[in-house]
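What follows is one structure encoded as structure tokens, with my remarks underneath.
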Amino acid sequence: MELHLRRRRDETYEELCARIVAETSAYLTECLQHPELAVHIPMIPADGSRFPPSFSMSFWDPVLLD
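Numbering (the numbering used here), first residue to last: 104 to 169.
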């Protein structure tokens with residue numbers, strides 16, 4: 104699903120806002136209908152712990168390279 108934020112020359116500000124809301128709604132509906140497609144974002148306690156460097160590559164490569 105693509106999100107086109109460029110304002111079309113013949114599109115008013117109100118139409119742009121309505122289009123953004125409609126695209127966001129469609130995206131959220133798709134995500135709710137297919138939760139298996141969601142990207143899992145791992146958590147780590149905020150007490151100064153850090154993910155190992157190898158984890159960074161294994162997480163970000165699929166996100167950024169797909």
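Using N, Cα and C, we set each Cβ at its ideal position, and we do this for glycine too.
Secondary structure of residue i, DSSP reduced to three states
i, result
"Ala-149", "coil"
"Pro-115", "It is worth fixing the name first, because residue 115 is Thr in this sequence and not Pro. Note: Thr-115 maps to coil in three-state DSSP."
"Ala-121", "helix"
"Ala-141", "coil"
Unbroken alpha helix (DSSP H) run spanning residue i, endpoints
i, result
"Pro-165", "156-168"
Close beta carbons around residue i, own chain, < 6 Å, minus the five adjacent residues each side
i, result
"Ile-123", "none"
Cβ-based neighbour list, residue i, same chain, cut-off 8 Å, excluding 5 preceding and 5 following
i, result
"Cys-134", "Leu-140 and Ala-141"
Integer Cβ distance of residue i from residue j, believed to fall under 8 Å
i, j, result
"Phe-162", "Pro-145", "7 Å"
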